[in-house]
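> One structure, pasted below without further comment.
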Amino acid sequence: MDDELGKAYLNEIQRGLRGYKRLAEAAIAQLSGEELFRQIDPEANSVAVLIKHISGNMRSRFTDFLTSDGEKPDRHRDQEFIQENLTHEDLMRTWEAEWQGLFTTIESLKPEDLGRTITIRGEEHTVLQALNRALMHYAQHVGQIIFLAKHIRGGEWKTLSIPRGKSEEYKTISPGKYSKGLR
1 MDDELGKAYL
11 NEIQRGLRGY
21 KRLAEAAIAQ
31 LSGEELFRQI
41 DPEANSVAVL
51 IKHISGNMRS
61 RFTDFLTSDG
71 EKPDRHRDQE
81 FIQENLTHED
91 LMRTWEAEWQ
101 GLFTTIESLK
111 PEDLGRTITI
121 RGEEHTVLQA
131 LNRALMHYAQ
141 HVGQIIFLAK
151 HIRGGEWKTL
161 SIPRGKSEEY
171 KTISPGKYSK
181 GLR
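Quick note on the numbering used here: the sequence shown kicks off at 1 and runs consecutively.
Have a look at this one:
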């Protein structure tokens, strides 16, 4: 991959991840402390559990990203899916710290790193593959957070994109009005 394409890719992966973070936080902001822990059925994850899991995954994958396996020995993934009595502040403090760790790691990468080999659970990936894997994984869980928040808030939900019935208006407005998320 040439330098310009590599730089463009690293910028784009950052942009996409920052967009998913914004979308998740806009959904989370609509929930009360109690609603963060609400499960829609006994087997479902709450938003709080998804926050814990995403944070745990980021810490494991992006700590010493280029030099150690992405599944750290001190990660206890199953614990991430146990509902705990954490506060909203505790969850969000960890969430913010792990996103910042992710962004710091990506900012440190150079285009020539994209072809390097790293491991996750002993399986080899190029850096590019690992970044794509992370982007897809976090997109999946951000979608779950948005779905749960929308379900929990019901009629009080504030849309994160183009509201229903506003698609025609969207075609005539200035760019950015409804693009709070991925832009």
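Built from N, CA and C at the ideal position, the CB exists for glycine as well.
By Cβ distance below 8 Å, which residues in the same chain neighbour Arg121 in space, the five residues on each side in sequence not counted?
Excluding residues within five positions, the ones whose Cβ falls inside 8 Å are Asp69, Gly70 and Glu71.
> Helix, strand or coil: how does DSSP classify Glu123 here?
strand
> Would you mind sorting Leu66 into buried or exposed? The rule is 16 or more other CB atoms within 10 Å of its CB.
exposed
> Use the C-beta contact count for Tyr170: other C-beta atoms within 10 angstroms, 16 or more gives buried, fewer gives exposed.
exposed
> On the DSSP bridge list, what partners appear for Ile82?
Note: Ile82 sits in no beta bridge, so no partner.
> Identify which residue in Glu84, His88, Arg59 and Ile82 has its Cα closest to the Cα of Asp74.
Arg59
> Rounded to the nearest angstrom, what separates Arg116 and Ile106 at their Cα positions?
14 Å
> What is the DSSP secondary structure of Ile162, counted as helix, strand or coil?
coil
> Please state the DSSP three-state secondary structure of Thr117.
strand
> Quick one: using the 10 Å Cβ neighbour count with 16 as the cut-off for buried, is Leu23 buried or exposed?
buried
> If we ignore side chains and look at the alpha-carbon of each, how far apart do Leu109 and Met136 end up?
19 Å
> By Cβ distance below 8 Å, which residues in the same chain neighbour Gln83 in space, the five residues on each side in sequence not counted?
Phe37, Gln39, Ser46, Ala48 and Val49
> By alpha-carbon positions, which one of Gly19, Leu5 and Ala97 ends up nearest to Tyr189?
Since the first and last residues shown for the chain are 1 and 183, residue 189 lies out of range.
> Could you tell me the boundaries of the alpha helix (DSSP H) in which Gln14 lies?
Asp3 to Ile28
> Would Ile118 and Ala130 be called neighbours here (beta carbons separated by less than 9 Å)?
yes
> Does DSSP put Trp99 in a helix, in a strand, or in coil?
helix
> When the distance is taken between beta carbons, is Leu160 closer than 9 Å to Gly6?
Contact flag unset, no.
> Could you have a look at Gly154 and say whether DSSP puts it in helix, strand or coil?
DSSP places Gly154 in helix when its eight states are reduced to three.
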